[in-house]
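K.L.:
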Amino acid sequence: MKMTMRWYGKQDDPVKIDYIRQVPGMTGIVGSLFDVPVGEVWPEDKILALKTDVEQAGLTLEVIESVNIHEDIKLGLPSRDRYIENYKETIRRLAKIGIKVICYNFMPVFDWMKTEMAYPLADGSTTMAFFLEGVQKTPQEVADDVMSQNEGLALPGWEPERLVDITKLIAQYQDVTEADLRNNLTYFLQQIIPVCEAVDIKMAIHPDDPPYSIFGLPRIVKNRDDLAYICEAVDSPYNGITMCTGSIGEDPDNDLVAIVAEFAKRDRIPFAHVRNVKFIEAGGRDCYESAHYSPYGSHDLFEVMAALYDNGFDGYIRPDHGRMIWGETGRPGYGLYDRALGAMYLTGLWEALEKRHV
Ligand SMILES: [Mn+2]
């Protein structure tokens, strides 16, 4: 297990990388370039500059989250081939500087969806939350709501220039079924996985957040069967999953621990996001992102870590999101303090598992 934390770069992250370095057990950064338009090849000088910044802080850069997928690839338009060629070139360039895992998602239009960015908890902290009632408006209204709560910082996957006309974006998917979207993902994987095998980079698809359809859009990374389908579509260890326990765990029908165990055993989890969610009511889907510690959420993170450990997980892990605590302000979900607590908790669970198993 290699503990990492996401960092948005020295220009755009209020969290100093030197502070991330001080979290016990922290070895690496999960980074990205946020100023390259989706679909374009990543410039080598910018990739190298990011790597230099990370290494100067005494950390490694081996995971990229995300290299986003152009909408034309998801839609299966004829223009997709040009974007897939660009994607392959970005993979080759990332391999050159030592990247081992690329996290990506295949969600139409929206990268992730929360309806509250600062939902107040009883202890005075705030956190992100999702309420079904919050998406009973037009997609444009919902998106404007999300982007107005960004504390002035760019939100990953929410490029304002791309989301300028959401109605039009959504209309493009009107006749795209889940089967179509699956075919388009398979086509993409068939093209890129041979490149990944050649340069030793593992692809890791992030589950849909939330893991069910919103606004009538097709969703294909929601549950155990979806993950199995993707793994089998191109049967290679380089075609893997970002096991996001918070996303898979947002559907109470998903048996989270069993899913983690199965895909760890199949060696398809090169990267894990481990966090907890708390359902507002048992059986319902409305939930908030709780503290990582199991008693505060609806999932048992000890059992999640044990499922990883017992099934030979040796990939990268990050605490994913955190609450805003101790008066910190910043990018929703990506403050330093609660993610540091989450990382330390997960590292502690891992130490206990290792010592009990020797
Ligand atoms: Mn995640």
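The numbering of the sequence shown is my numbering, which starts it at 11 and goes up by one. In this text, a Cβ means the ideal position worked out from N, Cα and C, and glycines have one as well. Fair warning: this is a prediction, and the values are worked out from it, not measured in the lab.
Cβ atoms of residue 251 and residue 279: under 8 angstroms apart, would you say?
P.N.:
A contact, by the Cβ cut-off of 8 angstroms.
K.L.:
For residue 140, which residues does DSSP report across the bridge?
P.N.:
Paired residues: 297.
K.L.:
What would DSSP say about residue 149, mapped onto helix, strand or coil?
P.N.:
Three-state DSSP puts residue 149 in a helix.
K.L.:
Give a single yes or no on whether residue 254 has its beta carbon closer than 7 angstroms to a heavy atom of ligand 1.
P.N.:
Yes, the Cβ of residue 254 comes within 7 angstroms of a heavy atom of ligand 1.
K.L.:
Under three-state DSSP, which class holds residue 187?
P.N.:
Residue 187 falls in the coil class under three-state DSSP.
K.L.:
Does the beta-carbon distance from residue 282 to residue 33 come in below 8 angstroms?
P.N.:
Not closer than 8 angstroms, so no.
K.L.:
Sort 221, 208 and 138 by Cα distance to residue 246 and report the nearest one.
P.N.:
With distances taken between Cα atoms, residue 246 lies closest to 208.
K.L.:
Look at the alpha carbon of residue 318 and the alpha carbon of residue 150, and state the distance between them as a whole number of angstroms.
P.N.:
Going from the Cα of residue 318 to the Cα of residue 150 covers about 39 angstroms.
K.L.:
With distances taken between CB atoms, is the gap from residue 442 to residue 297 smaller than 8 angstroms?
P.N.:
Because the chain in this structure spans residues 11 to 368, residue 442 falls outside the shown range and cannot be described.
K.L.:
Identify which residue in 258, 131, 327 and 286 has its Cα closest to the Cα of residue 13.
P.N.:
The shortest C-alpha separation from residue 13 is found at 327.
K.L.:
Determine the contact status of residue 128 and residue 342, defining contact as a CB-CB distance below 8 angstroms.
P.N.:
Yes.
K.L.:
State the Cα-Cα distance for the pair residue 124 and residue 203, rounded to the nearest angstrom.
P.N.:
Cα to Cα, the separation comes out at about 31 angstroms.
K.L.:
May I ask you to report which of helix, strand or coil DSSP gives residue 302?
P.N.:
Of the three classes helix, strand and coil, the one that applies to residue 302 here is coil, per DSSP.
K.L.:
Just to confirm the assignment: which complete alpha helix (DSSP H) runs, minimum length 4, are found wholly within the stretch 270-340?
P.N.:
Correct list: 311-320.
K.L.:
Since residue 258 contacts residue 228 with CB under 8 angstroms, what's their CB separation in whole angstroms?
P.N.:
That pair is no contact at about 18 angstroms.
K.L.:
In this structure, how does DSSP classify residue 26 when only helix, strand and coil are distinguished?
P.N.:
Coil at residue 26, not helix or strand.
K.L.:
Starting from the Cα of residue 50, find the closest Cα among 41, 56 and 100 and give me that residue.
P.N.:
Considering only alpha carbons, the answer is 100.
K.L.:
In the DSSP assignment, find the beta strand (DSSP E) that holds residue 127 and state where it starts and stops.
P.N.:
From DSSP, the beta strand (DSSP E) with residue 127 extends over 126-130.
K.L.:
With distances taken from CA atoms, which of 20, 206, 237 and 170 is nearest residue 218?
P.N.:
Measuring from the Cα of residue 218, the nearest candidate turns out to be 237.
K.L.:
Is the CB-CB distance between residue 39 and residue 112 below 8 angstroms?
P.N.:
The answer is no: Cβ separation not under 8 angstroms.
K.L.:
Quick check: the stretch 62-69 against the stretch 94-110, are there 3 or more CB pairs under 8 angstroms?
P.N.:
Touching, no.
K.L.:
For the beta strand (DSSP E) holding residue 11, just list the boundary residues, first then last.
P.N.:
Unbroken run through residue 11: none, as it is neither H nor E.
K.L.:
Answer yes or no: the CB of residue 257 versus the heavy atoms of ligand 1, is any distance below 7 angstroms?
P.N.:
Yes, the beta carbon of residue 257 sits closer than 7 angstroms to at least one heavy atom of ligand 1.
K.L.:
Go ahead and label residue 300 buried or exposed: buried means 16 or more other beta carbons lie within 10 angstroms of its beta carbon, across all protein chains shown.
P.N.:
Buried, because 16 or more other Cβ atoms sit within 10 Å of the Cβ of residue 300.
K.L.:
The beta strand (DSSP E) spanning residue 117 covers which residue range?
P.N.:
Counting along the chain, residue 117 falls outside any beta strand (DSSP E), and DSSP gives it neither H nor E.
K.L.:
Assuming residue 314 contacts residue 255 (C-beta within less than 8 angstroms), just tell me the rounded distance between them.
P.N.:
Confirmed, about 6 angstroms.
K.L.:
Could you name the residues of the same chain whose beta carbon sits closer than 8 angstroms to that of residue 286, not counting the 5 residues immediately before and after it, in chain order?
P.N.:
These residues qualify, in order along the chain: 255, 256, 259, 299, 300, 301, 302, 303, 304, 306, 307, 308, 309 and 311.
K.L.:
Within the present structure, is the beta-carbon of residue 216 separated from the nearest heavy atom of ligand 1 by less than 7 angstroms?
P.N.:
Yes, the Cβ of residue 216 comes within 7 angstroms of a heavy atom of ligand 1.
K.L.:
Would you kindly report the start and end of the unbroken beta strand (DSSP E) that includes residue 211?
P.N.:
That residue, residue 211, is in no beta strand (DSSP E); it is neither H nor E in DSSP.
K.L.:
Which residues does DSSP pair with residue 75 in a beta bridge?
P.N.:
The partner list for residue 75 (beta bridge, DSSP) reads 113.
K.L.:
When the Cα of residue 83 is compared with those of 162, 119 and 153, which residue comes out closest?
P.N.:
When only C-alpha atoms are compared, the closest one is 119.
K.L.:
Round the Cβ separation of residue 48 and residue 143 to the nearest angstrom and send it over; I've been treating them as touching at under 8 angstroms.
P.N.:
Their Cβ separation, rounded to whole angstroms, is 30 angstroms, which puts residue 48 and residue 143 out of contact at 8 angstroms.
K.L.:
Tell me residue 36's beta-bridge partners as DSSP assigns them.
P.N.:
DSSP, once it has assigned bridges, lists 13 as partnering residue 36.
K.L.:
Nearest chain C C-beta to residue 14 closer than 8 angstroms, yes or no?
P.N.:
No chain C appears in this structure, which consists of one protein chain only.
K.L.:
Give the DSSP-derived three-state secondary structure of residue 194 in the structure shown.
P.N.:
Residue 194 falls in the helix class under three-state DSSP.
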